[in-house]
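Accompanying notes for the structure given below.
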Amino acid sequence: MPELPEVETVRRTLLPVIGARIASVWDSGKGLHMARRPPRKKLQQLIGAQITAVRRHGKYLLLDTDGTKSLLVHLGMTGRLRIQPARAPQASHTHLVLGLGKRVLAFSDARRFGQIDVFERADERLHPALAPLGPDGLEPGVDADLLYASSRKRRSTLKAFVLDQSVIAGVGNIYASEALWRARLRPSKRAHRLTAASARELAAAIREVFEHALERGGTTLSDFVDADGTAGENADYLWVYDRAGQACPRCQTVIKRTVHQGRATYYCPTCQTA
DNA sequence: CCGGAGACCTGATAGC
DNA sequence: TGCTATCAGGTCTCCG
């Protein structure tokens, strides 16, 4: 569920845990549980540390501590990070709970596509999940030059290109369709055929769809909530995603749905011609 | 290097 | 009510 705007919304609502000390770490244990997480021992290295920052790169959240360790969290499709009263009942599919005195920070994830790790912050650039990532989608580095240069040798589709986290970190399936619609680019167009002018359009479009969604607290199609449990409003403001059969907001043509690499893609056949 | 398919998981929903 | 099929915001790996 969560792409850059949703993860950034979670990050912002997590800021109140800065300064909190991790008094306890509970995890759901072995067996029928999260696939991608470190051994319990590693998680327990967080005990006694104070949270000093909550950062984000692409879809990854990074919680720094006053020790040498940081906690990495990827929400996958259904992951949730919630700040809750220590006495609140545990949500179903809860895999990790950091005790923070009167509050807890709880991670739950029904489908278990999420990822948790504890890593040495000094080695952050070497972390296997972070090392391959391109610049974050809200950073100034995601510009026409980057998109033009990195698309030159790609015979893949534009849809696959913008979803590639090693080019831009943070674009997921919803905002890929949205950004290509805004830039008037056909998702099936080959990336290496992107013109310099279109690269400019695309860079601007990516930033705009992210900011548009962020202003509305992200897109909730079914699962997404922020750290306070609040759903996002952006689903009502999507231009094409999940709108097959409806009118294009720009030209009124009926929006089409296709499948690229097994994932739904929405576009306007009339105004996405570049 | 690329795309496609399948895997990893559970839950919601639509159709019968 | 209950069954089945399909679909879902992400990534990873194997195959051709």
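Sequential numbering of the first sequence, starting at 316, is according to my numbering.
Cβ atoms here follow ideal geometry from the backbone N, Cα and C, with glycine treated the same way.
Predicted model only: the values in this text are computed from it and were never measured.
Just to confirm, are residue i and residue j a CB contact at a threshold of 8 angstroms?
i: V574; j: W496; result: no
i: I570; j: R558; result: yes
i: Y490; j: E323; result: no
i: L396; j: I431; result: no
i: S537; j: A506; result: no
i: K356; j: E435; result: no
i: A401; j: G414; result: yes
i: Q359; j: R336; result: no
i: L441; j: H372; result: no
i: S423; j: A403; result: no
i: R531; j: N549; result: yes
i: G429; j: G394; result: yes
i: A368; j: G416; result: no
i: I398; j: R370; result: no
On the DSSP letters alone, give me the boundaries of the alpha helix (DSSP H) that residue i sits inside.
i: E323; result: L319 to L329
By DSSP, does residue i sit in helix, in strand, or in coil?
i: H389; result: strand
i: E530; result: helix
i: Q360; result: helix
i: W496; result: helix
i: A589; result: coil
i: A562; result: strand
i: R469; result: coil
i: L441; result: helix
i: D541; result: coil
i: V524; result: helix
i: I333; result: coil
i: A546; result: coil
i: D381; result: coil
i: R352; result: coil
i: A511; result: helix
i: I483; result: coil
i: Y556; result: coil
i: A401; result: coil
So residue i and residue j are supposed to be a Cβ contact under 8 angstroms. How far apart are they, rounded?
i: A518; j: D451; result: A518 to D451, Cβ: 13 angstroms. No contact.
i: V482; j: L420; result: In fact, because the Cβ distance is near 31 angstroms, the residues do not count as touching under 8 angstroms.
i: K474; j: T580; result: 6 angstroms
i: L509; j: Y463; result: 7 angstroms
i: S343; j: T409; result: 7 angstroms
i: F476; j: R469; result: 6 angstroms
For residue i, which residues in the same chain have their Cβ closer than 8 angstroms to its Cβ, ignoring the five residues on either side in sequence?
i: F582; result: The sequence given here places Tyr at residue 582; Phe does not occur at that position. Here the set comprises S492, L495, W496, R501, P502, V555, I570, K571 and T573.
i: K374; result: P317, E318, L319, V322, H389, L390, Q480, A484, G485 and G487
i: P353; result: I431, D432 and V433
i: A562; result: T568, V569 and I570
i: A437; result: T383
i: I362; result: I337, A338, S339 and V340
i: K345; result: In this prediction, K345 has a pLDDT of 49, which is less than 50 and means its spatial position is unreliable; nothing more can be read from the coordinates.
Ignore the nearest five residues each way along the sequence and tell me which others in residue i's own chain have a CB closer than 6 angstroms to its CB.
i: D541; result: T324, V325 and T328
i: A514; result: A459, L462 and Y463
Tell me which residues share the same chain as residue i and place their Cβ nearer than 7 angstroms to its Cβ, disregarding the 5 neighbours each side in the sequence.
i: Q587; result: L495, W496, R499, L500 and R501
i: F539; result: M316, P317, E321, G533, A546 and G547
i: L448; result: H372, G373, Q480, S481 and A484
For residue i, report the span of its beta strand (DSSP E) as first-last.
i: K571; result: K571 to H575
i: T580; result: R578 to Y582
i: F422; result: R418 to D424
i: W341; result: S339 to D342
i: L413; result: T409 to L415
i: R436; result: Taken as a continuous stretch (DSSP letters only), R436 belongs to no beta strand (DSSP E), as it is neither H nor E.
i: R371; result: I366 to H372
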